[in-house]
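In the working numbering, the protein residues as written are 86 to 363.
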């Protein structure tokens, strides 16, 4: 039993790496060649490099110093892999967490516009999900469309989002605009200010794409939104791996000093091992 589990680990890593590599090729074909869209490809290449180094150092050209250096690098890689698996598991769990209260407000989080004025498919999925939630709760909550105006945009994201939602049949008076925010933290803070003014003891939900729900929920807590759970809109499957990796990097950066401390301890341990064999 134990032997079977141990044997399945390297096979699982191999299959996951091949999947990431193939996904990276799909991303290059369907999306722009930005770094954010190449994350699954880059991760697969990193894992292949780690596997190649292992066989070279331990089976082809063994060297004590290189072996210790590799072990230190592997420990860092394993640490961040463990954090990623934990993040992924919790994100999936949170995605299926049921909301047990009736919200007073629905916050639709913005994203960039096409041509500076049109709602792109990714944002449209958030807005459609917001409308779905609005109808689910008998058209009683107010929808807050949250997003400022970028330097290359002809109007604010909030204005474009409101036009989209109203065109779908939602009464204009039920759609509120928050058009000053530039990031998710500001989305939450500025939307909270609107809700506090209208109804101090409010309950709300926010809508974003499913891969972004977990990190957005952290920002909601940091903004002081005590009763604000997330709802995820569907995202194209091929887009998910790179999107989750990007979200993971975002969460790592939120707590970077903790992770740097762990890396520093591993580096110190590796240095002590190197010193012992020199």
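Just so you know, even glycine gets a beta-carbon here, dropped at the ideal spot from N, CA and C.
By alpha-carbon positions, which one of the options ends up nearest to residue i?
| i | options | result |
| --- | --- | --- |
| residue 179 | 360, 316 and 352 | 316 |
| residue 107 | 327, 174 and 283 | 327 |
| residue 331 | 110, 220, 127 and 101 | 127 |
| residue 239 | 342, 254 and 264 | 264 |
| residue 46 | 272, 95 and 237 | What is shown of the chain runs 86 to 363, which leaves residue 46 out entirely. |
| residue 211 | 348, 341 and 295 | 295 |
| residue 187 | 197, 201, 160 and 218 | 218 |
| residue 287 | 314, 199, 293 and 116 | 314 |
| residue 260 | 227, 98 and 139 | 227 |
| residue 285 | 173, 189, 174 and 145 | 189 |
| residue 336 | 281, 236 and 172 | 172 |
Decide if residue i is buried, meaning its Cβ has at least 16 other Cβ atoms within 10 Å, or exposed.
| i | result |
| --- | --- |
| residue 181 | exposed |
| residue 104 | exposed |
| residue 291 | buried |
| residue 362 | exposed |
| residue 247 | buried |
| residue 283 | exposed |
| residue 258 | exposed |
| residue 225 | exposed |
| residue 222 | exposed |
| residue 255 | buried |
Look at residue i and residue j and say whether their C-beta atoms are less than 8 Å apart.
| i | j | result |
| --- | --- | --- |
| residue 157 | residue 355 | yes |
| residue 162 | residue 135 | yes |
| residue 359 | residue 153 | yes |
| residue 195 | residue 207 | no |
| residue 357 | residue 303 | no |
| residue 100 | residue 333 | no |
| residue 176 | residue 299 | yes |
| residue 323 | residue 111 | yes |
| residue 214 | residue 318 | yes |
Within the same chain, show all residues whose beta-carbon is closer than 6 Å to that of residue i, passing over the 5 residues directly before and after it, in chain order.
| i | result |
| --- | --- |
| residue 234 | 241 |
| residue 204 | 245 and 249 |
| residue 277 | 308 and 310 |
| residue 267 | 233 |
List the DSSP bridge partners of residue i.
| i | result |
| --- | --- |
| residue 74 | In the structure as shown, the chain begins at 86 and stops at 363. Residue 74 is therefore absent and cannot be evaluated. |
| residue 320 | Answer is none; residue 320 lacks a bridge partner. |
| residue 351 | Its beta-bridge partners do not exist; DSSP assigns none. |
| residue 289 | 190 and 313 |
| residue 294 | 318 |
| residue 203 | 199 |
Looking at the C-beta of residue i, does it have a partner C-beta in chain D at a distance below 8 Å?
| i | result |
| --- | --- |
| residue 123 | Of the protein chains in this structure there is only one, and it is not chain D. |
Run the proximity test for residue i: is its beta-carbon closer than 7 Å to any non-hydrogen atom belonging to the ligand NAD?
| i | result |
| --- | --- |
| residue 290 | Among the components of this structure there are no ligands whatsoever, and the ligand NAD is therefore not found. |
Here's a check: name, in chain order, each residue in its chain whose Cβ is nearer than 8 Å to the Cβ of residue i, leaving out the five neighbours to either side.
| i | result |
| --- | --- |
| residue 347 | 164 |
Take residue i and list the residues in its own chain whose beta-carbon comes closer than 7 Å to its own, dropping the five residues that flank it on each side.
| i | result |
| --- | --- |
| residue 138 | 155 |
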